[in-house]
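*Asks:* Each residue of the sequence shown is one higher than the one before, starting from 75 at the first, in my numbering. The C-beta atom is built at its ideal place from N, Cα and C for all residues, glycine as well. Pasting a structure here, questions to come.
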Amino acid sequence: MVELDNLDIKILTHLQSNSRKSFQEIAKNCLTSVPTVKSRVDRLLELGIIRKFTIDMDNSKLGIAEAILLINAKPLAISRIAEELLRLEEVKELYVTSDSDAAIVSRVAGDMQRLLSIQDRINLADVNNIRIIAIKNASRKEATIPLASTSITLNCAYCDRKVTGDAVRKKFDDRDYFFCCNTCLGEFEKKYIKLLAKA
75 MVELDNLDIK ILTHLQSNSR KSFQEIAKNC LTSVPTVKSR VDRLLELGII RKFTIDMDNS
135 KLGIAEAILL INAKPLAISR IAEELLRLEE VKELYVTSDS DAAIVSRVAG DMQRLLSIQD
195 RINLADVNNI RIIAIKNASR KEATIPLAST SITLNCAYCD RKVTGDAVRK KFDDRDYFFC
255 CNTCLGEFEK KYIKLLAKA
């Protein structure tokens, strides 16, 4: 596992919220230099932590249908079916589950006729059941960094202790700060308000 420090996490957080942010803007918010941000991003790309920079489109506004494809198949056929599905341009995400009811769960997008014809374009040998469920409303949660992971270290901005669970995150003057608990956030906020009053 790769070890990430606080600066790596801050840079990733900014890129997750908006991958179009300039290195200059990220450097300003992270209180570091542009070359430092660039070298960190290059390293994260080399390590494969950042796979690509992309956009998140609302397919419904473009008239593109989205659906969930659920496939239950015999265990020996799962890998083959997953590979076949990944070759289809309509397949946007694919997960192989450990649940016997839905061994493959996939998000698909495109023309509804083409989505319904997916079952005609894959080998259905050893498939027990296949369902395509149209998505009525899509609500996406912002991607988050798994801060509880042992490979990531993050220190509280107030007490400087290592954050062991999910961090509390708050922006102050467009800068992200991470805290181990709401108490530390509250104390930091009091101090911050006092400093602003004196300025």
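Determine which residues share a DSSP beta bridge with lysine 236 and list them.
*Replies:* One-based indexing of the sequence shown puts residue 236 at position 162. Lysine 236 is bridged to Asn229.
*Asks:* Name the DSSP beta bridge partners of phenylalanine 246, please?
*Replies:* Looking up residue 246 in the sequence shown gives position 172. Paired residue(s): Arg249.
*Asks:* What is the DSSP secondary structure of alanine 139, reduced to helix, strand or coil?
*Replies:* Locating residue 139 in the sequence shown gives position 65, where the first residue counts as 1. If DSSP states are grouped into helix, strand and coil, alanine 139 belongs with the strands.
*Asks:* Quick check on DSSP: helix, strand or coil for isoleucine 152?
*Replies:* As a position in the sequence shown, residue 152 is number 78, starting the count at 1. Looking at isoleucine 152 - three-state DSSP - the assignment turns out to be helix.
*Asks:* Alpha carbons only, please: which of Met131, Leu81 and Lys126 is nearest the one belonging to valine 108?
*Replies:* Here residue 108 refers to the residue found at position 34 when the sequence shown is read from its first residue. Valine 108 has its Cα closest to that of Leu81, out of Met131, Leu81 and Lys126.
*Asks:* For alanine 271, which of helix, strand or coil comes out of DSSP?
*Replies:* Counting from 1 along the sequence shown, the entry for residue 271 is found at position 197. DSSP places alanine 271 in helix when its eight states are reduced to three.
*Asks:* With distance defined between alpha-carbon atoms, name the residue in Ser153, Leu121, Ile267 and Met131 nearest to tyrosine 169.
*Replies:* Locating residue 169 in the sequence shown gives position 95, counting from the first residue. Among Ser153, Leu121, Ile267 and Met131, the Cα nearest to that of tyrosine 169 belongs to Ser153.
*Asks:* Is the beta carbon of leucine 78 closer than 9 Å to that of leucine 86?
*Replies:* What you label residue 86 is simply residue 12 of the sequence shown in a count that begins at 1. What you label residue 78 is simply residue 4 of the sequence shown in a count that begins at 1. For leucine 86 and leucine 78, yes; Cβs fall inside 9 Å.
*Asks:* Considering Cα atoms alone, identify which of Phe262, Ala183, Leu259 and Val242 is closest to lysine 135.
*Replies:* Here residue 135 refers to the residue found at position 61 when the sequence shown is read from its first residue. Ranking the options by Cα distance to lysine 135, first place goes to Ala183.
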